[in-house]
Amino acid sequence: MVSVALRISNEFKSVIDRLPWVNWSEITREEVVNVGEKTKLFEKLDNIVSKSSLTQEQANALADEVNTAVAKRYEQLLKRGE
């Protein structure tokens with residue numbers, strides 16, 4: 016496993032020192048892993064989008080259709096709740 020060193024401000028160091036029960040190493044490790052996973056996901060999405068032939072105009076029209084359908088659905092749910 017690789018070791019990583021971080022530089023933090025004195026102000027943040029004082030916060031860390033006031034919370035000795037927090038496992039800062041574990042929190043940092045988890046966040047680094049999360050960012051890595053999100054980066055992989057965005058790369059996959061970018062790959063999918065780059066192959067798409069959907070124009071911005073078509074995407075906007077599709078978004079309008081979805082918004083209209085969702086609004087109708089909520090209106091129906093609200094009417095049932097009255």
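Going by this note's numbering, the sequence shown opens with residue 16, and the numbers climb by one from there. Cβ atoms here follow ideal geometry from the backbone N, Cα and C, with glycine treated the same way.
Along the stretch 55-79, the alpha helix (DSSP H) does not occur as any fully enclosed run of 4 or more residues. CA-CA distance, residue 60 to residue 66, rounds to 10 Å. Assignment of residue 86 by DSSP, reduced to helix, strand and coil, places it in the helix class.
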